[in-house]
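Asker:
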Amino acid sequence: MSKTKKLKIGLVGGGPGSFIGAIHLNGALMDGLFELAAGAFSSNPEKSKIRGEELMLDPSRVYASYDEMFEKELELPEDVRIDVVVIVTPNNLHFDPTVKALKAGFHVALDKPLTLNYQEAKDLYHIVKASNKRFLLTHTYSGYPMIKQAKQMIAEGKIGKVWKIYVEYPQGWLYKLLENENNKQAAWRTDPKINGLAGCMGDIGTHAFHLSEYVSGLKMEKLCADLHIKVEGRPIDDDGVVLMNFDNGATGILMASQTDTGLENNLRIRIFGDKGGIEWQQEDNNSLTVRYPNQPAQIYRAGTGYLGSLANENTRTPAGHPEGYIEAFANLYRNFARCIYAERAGETPKPEWEDYPGIEDGIRGMAFIDHVLKSTESDQKWTPFIVEK
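Each residue of the sequence shown is one higher than the last, beginning at 148 in the numbering used here.
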């Protein structure tokens, strides 16, 4: 794989106090394949300037808007201008900068979900497909080494034919109306105009849905959803359950809540087949439990010599050295960069490098949100899962 220079990032969003912007930067910069070169960090030019100063960027490359950034960067020599636009804005500002970045000729990395609504997702799908650029959607949890180990083991038939999937994402941080207490994260995530029409299911339920398909290798065919607003006065769901049917006949249950009072962030998935079962949880992410009939449970650990190629390609340290959330982001960005470098060199990327979420995952996630909302509102409940493009 030939590399001539670091890939230069232009960041959209991630202004002062941003949670996810800092996480993206830490992940992207971890392996030395990217460098931050420019940014339009806020719709407020003064805040964008402040963030640029914090990051010690050249002031001439700290912009008042992403439109200005795209225009001015294209005027720079090719070896100086940005290569990749990273978008870490709230959901209502995903579509427009992504479209403009692709049309300007930049690769794009976008925080999930794909867009504010399903129609934007369908429009963006075709724009990404028509572009000649790489597109990364950061479904973070698919970057964990032991999630990749689970995916590979299931694909190799280690637990037989999959017939049951349990995936749960419990959080407790929205147990009260934090959006009325000057909490920026709570304010936009519970505002349908900024977040979209699904609250909890759009924010974390999409992660659980993506993981169910990614790890199992299956595709959802039908769902039955029941969303709730637990905290009085909140305009969109903060809790819900989805029954799932998959294309091989498997069934599943997805539970997501942001009002499970006192809980933190323990995303968990269990998948069972006719030979055995497999289990992973984020709060012990270096471990993978595998179960077979009449045997003690087997605990697979990250960084060991018995793992498969997907896990090994995404493991950074020897066994016993914890890797976590930021490293999972870094794995997605590293695979993304490796594919860009390989194509520039006229080489074919390794299959393990191509294993990062993109536009197909994005449109399925938006279809999930759309179908969950329809099912919740319908008396029929069971809703065919059809992805329109």
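Positions of the beta carbon are idealized from the N, C-alpha and C atoms, including for glycine.
Model, not experiment: these values are computed from the prediction.
Taking the beta strand (DSSP E) that leucine 344 falls in, what are its first and last residues?
Answerer: Per DSSP, leucine 344 belongs to no beta strand (DSSP E) and is neither H nor E.
Asker: Helix, strand or coil: how does DSSP classify arginine 381 here?
Answerer: Arginine 381: coil per DSSP, three-state reduction.
Asker: For the beta strand (DSSP E) holding proline 244, just list the boundary residues, first then last.
Answerer: Note, proline 244: premise wrong, no beta strand (DSSP E); alpha helix (DSSP H) at 242–250.
Asker: Ignore the nearest five residues each way along the sequence and tell me which others in leucine 520's own chain have a CB closer than 7 Å to its CB.
Answerer: Only Leu344 and Ala345 meet the Cβ criterion.
Asker: Skipping 5 residues on each side, what residues in its chain have a beta carbon closer than 6 Å to that of methionine 148?
Answerer: At methionine 148 the pLDDT is 45, less than 50, meaning the model places this residue with poor confidence and gives no usable figure here.
Asker: According to DSSP, is methionine 402 helix, strand or coil?
Answerer: The answer is strand: DSSP assigns methionine 402 an E or B state.
Asker: Mind checking which residues open and close the beta strand (DSSP E) that includes arginine 228?
Answerer: Unbroken run through arginine 228: none, as it is neither H nor E.
Asker: Between which two residues does the beta strand (DSSP E) holding threonine 285 run?
Answerer: Counting along the chain, the beta strand (DSSP E) containing threonine 285 begins and ends at 282–285.
Asker: Can you check DSSP and say which residues form a bridge with isoleucine 446?
Answerer: BP columns for isoleucine 446 point to Thr436.
Asker: In the DSSP assignment, find the alpha helix (DSSP H) that holds tyrosine 272 and state where it starts and stops.
Answerer: Where tyrosine 272 is concerned, the enclosing alpha helix (DSSP H) stretches over 265–277.
Asker: Kindly give me the distance between the Cβ atoms of isoleucine 400 and tyrosine 288, rounded to whole angstroms, as I take these residues to be in contact under 8 Å.
Answerer: So it is not a contact: roughly 18 Å between Cβ atoms.
Asker: From isoleucine 156 to phenylalanine 181, what does the alpha carbon distance come to, in whole angstroms?
Answerer: Taking the straight line joining both Cα atoms gives about 7 Å.
Asker: Cα-Cα, which of Lys308, Ala251, Val233 and Thr236 is closest to glutamate 222?
Answerer: Closest option to glutamate 222, Cα to Cα, is Ala251.
Asker: Can you round the beta-carbon distance between asparagine 413 and glutamate 430 to whole angstroms, since I take them to be within the 8 Å contact cut?
Answerer: Indeed they touch by this definition, with Cβ atoms about 4 Å apart.
Asker: Under DSSP, the beta strand (DSSP E) around lysine 311 begins and ends at which residues?
Answerer: Start and end: 309–317.
Asker: Going by DSSP in three states, valine 534 sits in which element: helix, strand or coil?
Answerer: If DSSP states are grouped into helix, strand and coil, valine 534 belongs with coil.
Asker: Just the Cα atoms here: how many angstroms apart are arginine 448 and alanine 277?
Answerer: Each residue's Cα considered, the two are about 41 Å apart.
Asker: Of all the options Ser189, Glu267 and Gly164, which has the alpha carbon lying nearest to the alpha carbon of glutamate 535?
Answerer: Taking only the C-alpha atoms, the option nearest glutamate 535 is Glu267.
Asker: Who pairs with cysteine 371 in a beta bridge, going by DSSP?
Answerer: Note: cysteine 371 sits in a beta bridge opposite Leu390.
Asker: Going by beta-carbon coordinates alone, are asparagine 342 and proline 237 separated by less than 8 Å?
Answerer: Yes, they are a contact pair.
Asker: Could you spell out where the beta strand (DSSP E) holding phenylalanine 181 opens and where it closes?
Answerer: Segment 181–187, the beta strand (DSSP E) holding phenylalanine 181.
Asker: Taking contact to mean 3 or more Cβ pairs, one atom from each stretch, closer than 8 Å, check whether the region 381–395 and the region 422–429 are in contact.
Answerer: These segments do not touch.
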